[in-house]
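Quick notes on the structure that follows.
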Amino acid sequence: GSEMGSEALGASPPAQQPPPKQSGVTSPLSRAGPSEADVQRSKELEKFLLDAGLHESEEECARREVVLARIKQVVIDWVKELTRLRGYTDQMVEDANAVIFTFGSYRLGVHGPGADIDTLCVGPSYVNREEDFFFILHNILAEMEEVTELQPVPDAHVPVMKFKFDGISIDLLYASISLLVVPDDLDISHVSVLYNVDEPTVRSLNGCRVADQILKLVPNAEHFRTTLRCLKFWAKRRGVYSNVTGFLGGVNWALLVARVCQLYPNAVPSMLVSRFFRVYTQWRWPNPVMLCAIEEDELGFSVWDPRKNPRDRTHHMPIITPAYPCMNSSYNVSTSTLRVMTEQFQFGNKICEEIELNKALWSALFEPYLFFENYKNYLQVDIVAADIDDLRAWKGWVESRLRQLTLMIERDTYGKLQCHPYPHEYADPLRLCSHCAFFMGLQRKEGEIIQEGQQFDIRGTVDEFRHSVNMYMFWKPGMEIYVSHVRRRQIPSYVFPDGYKRSRPPRFSSPQQAEKSPGEGGEVCRPGSGERRLKRKKELEGADVKQGSPEKRQSIGSERAVSVSPESRQASDMTISESGIARSEVCQFEGDKEVNVEVVKSDRERCAGIADVPFVSSSSVVTNFLNEDGFCRDTGPESLTCSSDGTPGSIVGSNSQGSSQGDSCEGDSESLLDNGYGNDGKVVEDRSEEDLEPNALLGMVLKSMGGVDSGPVQKTVLRHVK
1 GSEMGSEALG ASPPAQQPPP KQSGVTSPLS RAGPSEADVQ RSKELEKFLL DAGLHESEEE
61 CARREVVLAR IKQVVIDWVK ELTRLRGYTD QMVEDANAVI FTFGSYRLGV HGPGADIDTL
121 CVGPSYVNRE EDFFFILHNI LAEMEEVTEL QPVPDAHVPV MKFKFDGISI DLLYASISLL
181 VVPDDLDISH VSVLYNVDEP TVRSLNGCRV ADQILKLVPN AEHFRTTLRC LKFWAKRRGV
241 YSNVTGFLGG VNWALLVARV CQLYPNAVPS MLVSRFFRVY TQWRWPNPVM LCAIEEDELG
301 FSVWDPRKNP RDRTHHMPII TPAYPCMNSS YNVSTSTLRV MTEQFQFGNK ICEEIELNKA
361 LWSALFEPYL FFENYKNYLQ VDIVAADIDD LRAWKGWVES RLRQLTLMIE RDTYGKLQCH
421 PYPHEYADPL RLCSHCAFFM GLQRKEGEII QEGQQFDIRG TVDEFRHSVN MYMFWKPGME
481 IYVSHVRRRQ IPSYVFPDGY KRSRPPRFSS PQQAEKSPGE GGEVCRPGSG ERRLKRKKEL
541 EGADVKQGSP EKRQSIGSER AVSVSPESRQ ASDMTISESG IARSEVCQFE GDKEVNVEVV
601 KSDRERCAGI ADVPFVSSSS VVTNFLNEDG FCRDTGPESL TCSSDGTPGS IVGSNSQGSS
661 QGDSCEGDSE SLLDNGYGND GKVVEDRSEE DLEPNALLGM VLKSMGGVDS GPVQKTVLRH
721 VK
């Protein structure tokens with residue numbers, strides 16, 4: 001058949017028809033056009049995307065153009081002023097120029113309301129990035145009323161200045177090219193812009209060069225845009241949109257969609273979405289996805305080539321950029337994130353097959369992924385800072401390192417413990433300080449034979465991770481990170497859309513079983529209402545804090561209450577060594593059983609997070625109770641009851657569904673509490689909440705990471721660590 005693009009369908013080719021667009025490194029899989037049903041499904045898809053609010057209004061579109069024009073004027077004035085200060089002639093000052101290019105979703109035409117604009121400023125050779133861009137231009141922007149949330153990130157892989165201009169988010173890069181005067185009509189796609197520039201400049205220029213190439217290499221730009229808009233929305237709903245976390249970002253999805261457009265040049269969007277899932281469920285990674293052949297050039301920049309570069313052989317999901325120097329845009333993908341994406345491609349493929357059989361609607365494809373129902377065990381990474389600006393910078397750094405935690409866990413467990421980092425952040429509205437949290441699902445690798453007693457001990461792994469995070473160059477007091485293991489039922493309420501967990505069918509076969517006492521190894525679940533929690537919180541806030549005796553240890557927080565059993569004194573759960581290091585225990589996996597793992601906390605970690613309460617000296621008695629996750633977790637007004645079943649370190653109230661996943665425990669995460677032990681190292685006396693006087697109850701309230709959660713009660717055995 002003819003190789004003409006879909007824009008020429010139905011018309012006889014004119015004599016002067018230009019040659020067809022390149023269809024990639026292979027011939028198309030099919031040149032078939034749409035059936036009437038395909039056309040109808042495409043209309044339904046486009047209506048769905050419109051109704052979902054993925055298109056911005058004309059007013060917002062116009063605002064963006066105004067903002068870009070204002071930024072262009074700012075950078076031109078900046079370059080002219082630097083030209084004058086450096087003693088160039090008046091003519092040079094007059095000719096001095098900087099050009100603004102856009103790339104990313106805005107350049108590709110698939111941005112939605114509120115999306116940021118990826119912009120690149122190209123300046124002359126004598127205006128540099130380090131001082132001129134990140135210092136002088138930064139200060140100019142900082143003085144402007146229109147500019148807010150200004151955040152320079154000079155040490156990023158691609159150095160960037162982030163800010164809002166009249167409320168529109170901007171990511172501004174800078175590239176200094178080897179020209180004294182930058183023309184307004186600079187062809188950024190031409191290889192000459194790369195002459196005599198450094199690697200960060202090449203990376204800064206690459207975004208624009210790649211976006212231009214993508215639009216040149218797809219057969220039909222409009223069909224490409226609709227399909228990409230759809231797939232980006234799908235990826236966000238299914239939790240696989242995030243380059244920094246190890247999934248795929250905007251350019252990765254654009255390249256995958258562009259390749260499918262090349263393979264089906266005459267297909268309409270509904271067909272392209274369906275073919276997308278069909279292709280990538282069958283793709284044999286690590287075979288690379290490429291839109292064009294990788295070109296070598298005399299400039300000598302490194303290009304992706306697993307034959308020459310050993311590092312390139314380690315890439316799991318190569319998606320190669322189409323502009324010189326061609327690189328793998330998805331080097332962040334790990335075996336764990338590739339596994340998650342493969343599962344999601346299979347989900348998408350199944351739904352699209354049903355849509356084509358008229359058994360499902362498009363809405364079924366975009367059902368949100370229920371991350372907090374798909375694992376039994378999670379790592380929770382809490383990030384706190386003194387204020388919102390510090391949190392923004394600290395969070396960006398920590399998030400950029402989370403991928404390393406995934407890789408390190410894979411490495412240290414030989415791939416047997418799989419991680420699913422979830423690329424969404426959550427904030428607890430009840431916390432007074434600036435806070436956000438990330439979560440990772442944990443599970444044992446499917447098909448792994450777990451030997452009796454086998455454990456996944458990732459304490460050292462998390463220690464290493466925290467050490468790397470704490471190397472942050474711009475660390476400020478108040479910037480803290482806490483990592484903890486939580487079970488599904490302990491997930492804090494603030495992660496759920498309506499602020500509460502979905503109701504699950506009861507797991508007990510009879511009311512008698514449901515009321516099983518703690519001593520019998522059952523779980524005491526007493527979900528409290530929001531009003532009850534609020535009332536209890538007010539009662540606690542109104543009570544006086546008194547120091548207690550060794551029998552009534554007191555804590556200094558004000559956010560939750562716990563009681564600890566007398567039996568647990570037989571297995572003292574913590575000691576403070578002469579070096580001031582406190583040792584505690586948190587749970588971990590042994591096949592389907594849970595076992596304990598020792599966690600070490602330093603003095604600095606133990607004191608973190610209590611700046612807003614009076615300092616407690618080492619002689620004071622402060623209760624520090626660690627539940628199953630090795631962390632003081634929300635359980636609403638209920639008490640966390642510790643008991644001993646005679647097996648030191650076993651978890652009594654484990655997940656009845658059977659945790660077969662590899663369950664890590666992080667305790668290293670800087671504890672929010674002082675370690676609540678007196679000189680004798682004994683644990684507090686256990687009493688149920690109802691038995692305690694108000695003041696004694698307050699003495700057992702812990703300083704925690706979150707607000708009130710109505711999760712069920714957990715019972716933990718903590719044992720003495722020598």
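In terms of UniProt numbering, the numbers along the sequence shown are unbroken and rise by one, the last being 722. Glycine residues also receive a C-beta, built at the ideal position from the N, C-alpha and C atoms. Just so we're clear, the structure is a prediction, and the values are computed from it rather than from any experiment.
Could you check where the beta strand (DSSP E) with residue i kicks off and where it finishes?
i	result
Asp-118	117-123
Glu-480	480-487
Gln-418	417-426
Glu-149	147-153
Lys-164	160-165
With respect to the alpha helix (DSSP H) encompassing residue i, which residues constitute its N-terminal and C-terminal limits?
i	result
Asp-390	388-412
Ala-437	Run containing Ala-437: none in the alpha helix (DSSP H); it sits in the beta strand (DSSP E), 434-444.
Asp-212	199-217
Ala-385	Run containing Ala-385: none in the alpha helix (DSSP H); it sits in the beta strand (DSSP E), 377-385.
Phe-465	459-469
Met-473	Met-473 -> no alpha helix (DSSP H), and no H or E assigned at all.
Phe-276	269-282
Glu-222	221-237
Val-25	Note, Val-25: premise wrong, no alpha helix (DSSP H); not H, not E.
Leu-263	250-263
Ser-493	Unbroken run through Ser-493: none, as it is neither H nor E.
Trp-362	362-365
Asn-139	138-142
According to the neighbour-count rule (16 or more other Cβ atoms, all chains shown, within 10 Å of its Cβ), is residue i buried or exposed?
i	result
Asp-212	buried
Lys-546	Residue confidence is low: Lys-546 scores 37 on pLDDT, short of 50, so the model does not pin down where it sits. Its coordinate-derived value is still stated next. So Lys-546 counts as exposed.
Ile-355	buried
Leu-263	buried
His-485	buried
Leu-291	buried
Asp-171	buried
Asn-332	buried
Asn-328	buried
His-467	exposed
Asp-382	buried
Val-66	exposed
Arg-107	buried
Ala-235	buried
Glu-410	buried
Gly-167	exposed
Tyr-324	buried
Val-181	exposed
Considering only the alpha carbon of each residue, which of the options lies closest to residue i?
i	options	result
His-111	Leu-137, Glu-149, Leu-50 and Arg-444	Leu-50
Phe-372	Cys-352, Gly-348, Leu-402 and His-424	His-424
Arg-31	Val-79, Ile-117 and Pro-265	Pro-265
Arg-209	Leu-370, Gly-104 and Val-66	Gly-104
Pro-124	Ala-175, Thr-89, Arg-107 and Met-161	Ala-175
Ala-393	Asp-155, Ile-294, Asn-220 and Val-483	Asp-155
Thr-461	Tyr-422, Glu-446 and Arg-403	Arg-403
Gly-396	Thr-406, Ile-481, Gly-415 and Ser-27	Ile-481
residue 725	Ala-37, Phe-135, Val-66 and Lys-445	With the chain running from 1 to 722 in the structure shown, residue 725 is simply not present.
Arg-307	Asn-287, Phe-456, Glu-298 and Tyr-324	Asn-287
Ser-330	Trp-253, Arg-489, Met-271 and Asp-297	Trp-253
Val-218	Tyr-126, Cys-352 and Pro-322	Pro-322
Val-99	Gly-33, Leu-256, Ala-69 and Phe-165	Ala-69
Pro-28	Cys-261, Ser-204, Asp-116 and Val-79	Cys-261
Val-251	Asp-118, Gly-53 and Tyr-414	Asp-118
Asp-95	His-316, Leu-179, Arg-237 and Thr-335	Leu-179
Met-440	Val-469, Arg-487 and Asn-470	Arg-487
Please look up how many angstroms separate the CB atoms of residue i and residue j, rounded, as I've assumed it's under 8 Å.
i	j	result
Val-39	Val-268	6 Å
Ala-427	Cys-436	5 Å
Phe-276	Leu-215	Actually they are not in contact, since the Cβ atoms of Phe-276 and Leu-215 sit about 18 Å apart, beyond 8 Å.
Val-483	Leu-379	6 Å
Phe-233	Phe-101	The Cβ separation is near 26 Å, so there is no contact.
Task: Ranges of the alpha helix (DSSP H) found wholly within the stretch 288-348, counting only runs of at least 4 - done: Counting only runs of 4+ residues, no alpha helix (DSSP H) is found wholly inside the stretch 288-348.
TODO: Please go through the stretch 167-195 and give each complete beta strand (DSSP E) segment of 3 or more residues, from N-terminal end onward.
DONE: For the stretch 167-195, the full-length beta strand (DSSP E) segments reaching 3 residues or more read 168-176 along the chain.
TODO: Give, in chain order, every unbroken run of the alpha helix (DSSP H) that is at least 4 residues long and sits entirely within the stretch 36-116.
DONE: Here the runs fully enclosed are 36-51, 58-85, 90-95 and 104-108.
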